[in-house]
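Using this note's numbering, the letters of the sequence shown map in sequence onto residues 54 to 463.
A virtual CB, placed ideally from N, CA and C, is assigned to each residue, including glycine.
As the structure is a prediction and not an experimental result, all values here were calculated from the model.
Notes to accompany the following structure.
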Amino acid sequence: MVRGRPLYYCWLAFLLGLIVIGGVAYAQQLEKGLISTHMRDPVSWGFYIGNFTFLVGVAAAAVVLVIPAYIYGWKPIKEIVIIGELLAISAIVMCMLFVTVDIGRPDRILHLFPVTGSPNMPRSLLSWDVLVLNLYLVLNVVIAGHVLYRSYNNREYSKRFAWPLILLSIPSAIAIHTVTAFLYSALAARPYWNAAILAPRFLTSAFCSGPAIILVLLQLLRRFAGLNIKDEALWKIAELMAYAMFVNLFLFGAEIFRDYYSDTHHLIHYEYLLTGVGGHSAIVPYAWASLVMGIVAFMLFLVPGTRKNPITLNIGALLIYLSAYIEKGVALVIPGFTPSMDGEIYEYTPSWTEVMVAAGVFSVGFLVFTLMLKVAIPIMMGTLRGSVPGAGGRVLTATSDSGEYEGIEA
Numbered sequence: 054m055v056r057g058r059p060l061y062y063c064w065l066a067f068l069l070g071l072i073v074i075g076g077v078a079y080a081q082q083l084e085k086g087l088i089s090t091h092m093r094d095p096v097s098w099g100f101y102i103g104n105f106t107f108l109v110g111v112a113a114a115a116v117v118l119v120i121p122a123y124i125y126g127w128k129p130i131k132e133i134v135i136i137g138e139l140l141a142i143s144a145i146v147m148c149m150l151f152v153t154v155d156i157g158r159p160d161r162i163l164h165l166f167p168v169t170g171s172p173n174m175p176r177s178l179l180s181w182d183v184l185v186l187n188l189y190l191v192l193n194v195v196i197a198g199h200v201l202y203r204s205y206n207n208r209e210y211s212k213r214f215a216w217p218l219i220l221l222s223i224p225s226a227i228a229i230h231t232v233t234a235f236l237y238s239a240l241a242a243r244p245y246w247n248a249a250i251l252a253p254r255f256l257t258s259a260f261c262s263g264p265a266i267i268l269v270l271l272q273l274l275r276r277f278a279g280l281n282i283k284d285e286a287l288w289k290i291a292e293l294m295a296y297a298m299f300v301n302l303f304l305f306g307a308e309i310f311r312d313y314y315s316d317t318h319h320l321i322h323y324e325y326l327l328t329g330v331g332g333h334s335a336i337v338p339y340a341w342a343s344l345v346m347g348i349v350a351f352m353l354f355l356v357p358g359t360r361k362n363p364i365t366l367n368i369g370a371l372l373i374y375l376s377a378y379i380e381k382g383v384a385l386v387i388p389g390f391t392p393s394m395d396g397e398i399y400e401y402t403p404s405w406t407e408v409m410v411a412a413g414v415f416s417v418g419f420l421v422f423t424l425m426l427k428v429a430i431p432i433m434m435g436t437l438r439g440s441v442p443g444a445g446g447r448v449l450t451a452t453s454d455s456g457e458y459e460g461i462e463a
C-alpha cells in the first residue's frame, strides 16, 4: 500500500495536500458558520448537495457491472467488476462527507440515524437516504472484501455467502438514487422538482455518468497498472451508456414539452435554466453546454465505429461526465430554488470555502479508492497471494501484458 513508483507518491502527495487545504477551509466554515458559503435563504442547497447527488449516481452505477458479471457471468465484465465495487465504496464515502459538511455542525449527522435521529428518522427522507447509503456501503465492502480475500487465498468466492448479498446489492443500488430523487420530488412547493419522472431521470443519468468514470479508469489501469482489460468490456459498457443516455434525453425532452406546451406559471423555472429571467442568466450557458455535450456523447456511443475508436470513446466519456455533472449540480439544484416562492431571484455561485472543502472531500474519496486499488490489483493479477494448505478451486481474473495470472471465477 505504501510502496510504488514516483508518480504514485506524487499522486498521494497531491491528494494529501488538497485534503489539508479542504480541512483548513472546513475548520473556517465551522468557526464562522455556513455564512462562509454563498448559500442563503433563497438557495439553501448548493455546491455540496449538487456533488452529493452526482456521487450517489456514481455509486449506483456499479450495478452496470454487477448484473452482467454476476448474474449473466459475462467474462470480460466479470474480470473487472471489483473495480466498479471499489469505486462505489469511495463514492459513498464522499457522499457521506458532503452531507456532513452541508448540515453545518458534524454532530448533526446523529440526527440522520435510527434511535439517535428520533424523531427525524421516520419522517426525514434524508435520514432514509443516509440509511440506504450505509446499507449499500456495507454490501459493497463485504462483497468486494470477500471476493478479494478468497482470491488472495487461491479460492473461489463462496456463492452461498456472496450470492444473496449480490442479489440484495442490485435493488440497493437502485434504491439509493431513487430515495435521493425523492428528496427533491417530494417537495410540493418546488414545482421544478415535484415530478414523478425525476426518479427515472436520476437512474438513467447515473447509468451514464458512473460508467463514464469507469471507462476512463479501466483504460488508466490498463496503461499504468498492467491490467490487460479486454476491449469488449469497454465497448459493452459504452453501449449500455448509449441506451441509458437516450432514455435520459428522452425523459428530459418529455419534461420540457410538458412545461412549454402547457405554458403555466411553473415554466419560469425552465425559462431561468434555458433562457434566463429578467436579465438573470448566469446558468444558461452551463445548461446548454450540458445538453449539447449529452447529445454529442450519445451520438458518439450510438455509432459502433466511434464507440470502438479509443479517441472518440474517451471524448464521449468525458462529455457524458461533464454533462451529467452539470445536470445533477447547476441545472438541478439552482433552478429548483429560483425564483423563490416570493419571486426573488438570488444567483448562487459557490464560495471559495465551498470549492476548497469540496476539493478536500473529493481528495479523500480518491485517496480511499487509490489505496483500495493498491491492494486489489496485485490480487487480481495474481502477484499477491497467501498460502492456505489445501486451498482449491479455479481462479481467473485479468491478464497482464506479460501473461495470464490467477484471479477469481464466479
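Exercise. What is the DSSP secondary structure of HIS318, reduced to helix, strand or coil?
Worked result: coil
Problem set entry | Neighbourhood of LEU437 by C-beta, 7 angstroms cutoff - its chain only, sequence neighbours within 5 removed | TYR205, PRO431
Problem set entry | Member of GLN81, GLU132, ARG93 whose CA lies at the smallest distance from the CA of ASP284 | GLU132
Exercise. Rounded C-beta distance between ILE229 and ALA122? I'm assuming under 8 angstroms.
Worked result: ILE229 to ALA122, Cβ: 19 angstroms. No contact.
Exercise. Near LEU60, what residues of its chain come up, given a Cβ to Cβ distance below 7 angstroms and the 5 sequence neighbours on each side ignored?
Worked result: none
For this session: May I ask you to report which of helix, strand or coil DSSP gives HIS91?
Result: HIS91: coil per DSSP, three-state reduction.
For this session: Would you tell me roughly how many angstroms separate the C-alpha atoms of PHE310 and LEU426, rounded to the nearest one?
Result: In a straight line, the C-alpha of PHE310 is about 45 angstroms away from that of LEU426.
Exercise. Looking at the unbroken alpha helix (DSSP H) that takes in VAL233, where does it start and where does it end?
Worked result: According to the sequence as given, residue 233 is Thr; it is not Val. Here the alpha helix (DSSP H) through THR233 covers 212-238.
Exercise. Comparing alpha-carbon positions, which option in ASP395, SER343, VAL383 lies nearest SER376?
Worked result: Nearest C-alpha to SER376: SER343.
Exercise. Going by the beta-carbon positions, is the gap between ASP182 and LEU236 smaller than 8 angstroms?
Worked result: yes
Exercise. According to the Cβ coordinates, are LEU221 and LEU192 closer than 8 angstroms?
Worked result: yes
Exercise. If ALA370 and LEU268 are in contact, beta carbons under 8 angstroms, what's the gap, nearest whole angstrom?
Worked result: 5 angstroms
Problem set entry | Cβ-Cβ separation, ILE142 to ASN194 (assumed contact under 8 angstroms), whole Å | Reading off the sequence, residue 194 comes out as Val, not Asn. Contact flag correct, Cβ pair sits at about 6 angstroms.
Exercise. Which same chain residues, not among the five before or five after PRO442, have their C-beta less than 8 angstroms away from its C-beta?
Worked result: Any reading at PRO442 must be qualified, since the residue scores a pLDDT of 45, below 50, and its modelled position is unreliable; the value itself is stated next. Excluding residues within five positions, none has a Cβ falling inside 8 angstroms.
For this session: Tell me, please, which residues DSSP counts as bridged to VAL330.
Result: HIS333
Exercise. Can you tell me whether LEU140 is buried or exposed, with buried defined as 16 or more other CB within 10 angstroms of its CB?
Worked result: Burial state of LEU140 is buried, judged by a 10 Å Cβ sphere holding 16 or more other Cβ atoms.
Exercise. Helix or strand or just coil, what does DSSP make of THR423?
Worked result: helix
For this session: State the DSSP-derived secondary structure class of MET394, mapped to helix, strand or coil.
Result: In the three-state reduction of the DSSP assignment, MET394 falls in the coil class.
Exercise. With a Cβ-Cβ cutoff of 8 angstroms, do SER225 and LEU188 count as a contact?
Worked result: yes
Problem set entry | 4 or more residues per run - each alpha helix (DSSP H) lying fully within the stretch 59-105 | 59-85
Problem set entry | ASN301 beta carbon less than 8 angstroms from that of SER258 | yes
Exercise. Would you call the stretch 79-88 and the stretch 352-363 in contact, with 3 or more CB pairs under 8 angstroms?
Worked result: no
Exercise. Going by the beta-carbon positions, is the gap between TYR401 and VAL73 smaller than 8 angstroms?
Worked result: no
For this session: Quick one: measure Cβ to Cβ for ILE135 and ALA429, integer angstroms, because I've assumed they're closer than 8 angstroms.
Result: Contact between ILE135 and ALA429 holds, since their C-beta atoms are separated by about 6 angstroms, short of 8 angstroms.
Problem set entry | Alpha-carbon to alpha-carbon, ILE364 and ILE282 | Taking the straight line from one Cα to the other gives about 17 angstroms.
For this session: Whole angstroms is fine: what's the gap from TYR378's alpha carbon to ARG58's?
Result: 32 angstroms
Problem set entry | Residues near GLY75 by beta carbon distance below 7 angstroms, same chain, minus five either side | MET409, VAL410, ALA412, GLY413, VAL414, SER416
Problem set entry | Residues near ILE223 by beta carbon distance below 7 angstroms, same chain, minus five either side | VAL116, VAL119, ILE120
For this session: Assuming HIS91 and SER315 form a contact by the criterion Cβ under 8 angstroms, report the distance between their Cβ atoms to the nearest whole angstrom.
Result: That pair is no contact at about 33 angstroms.
Exercise. Should PHE151 and LEU186 be called a contact, given that it needs their Cβ atoms to be closer than 8 angstroms?
Worked result: no
Exercise. Can you give, in chain order, each stretch of the alpha helix (DSSP H) that sits fully within the stretch 149-213 and has at least 4 residues?
Worked result: 173-176, 178-205
For this session: Determine the extent of the alpha helix (DSSP H) in which THR359 is found, giving its start and end residues.
Result: 357-360
Problem set entry | Buried or exposed by the 16-neighbour rule on C-beta atoms within 10 Å, applied to HIS318 | So HIS318 counts as exposed.
For this session: Would you please state the rounded distance, in angstroms, between the beta carbons of TRP64 and VAL386? I believe it to be under 8 angstroms.
Result: In fact, because the Cβ distance is near 31 angstroms, the residues do not count as touching under 8 angstroms.
Exercise. Tell me which same chain residues have a C-beta within less than 6 angstroms of the C-beta of MET147, skipping the five on either side of it?
Worked result: The answer, listed in chain order, is LEU108, VAL414, GLY418.
Exercise. Are LEU420 and LEU201 touching if we call contact CB-CB under 8 angstroms?
Worked result: no
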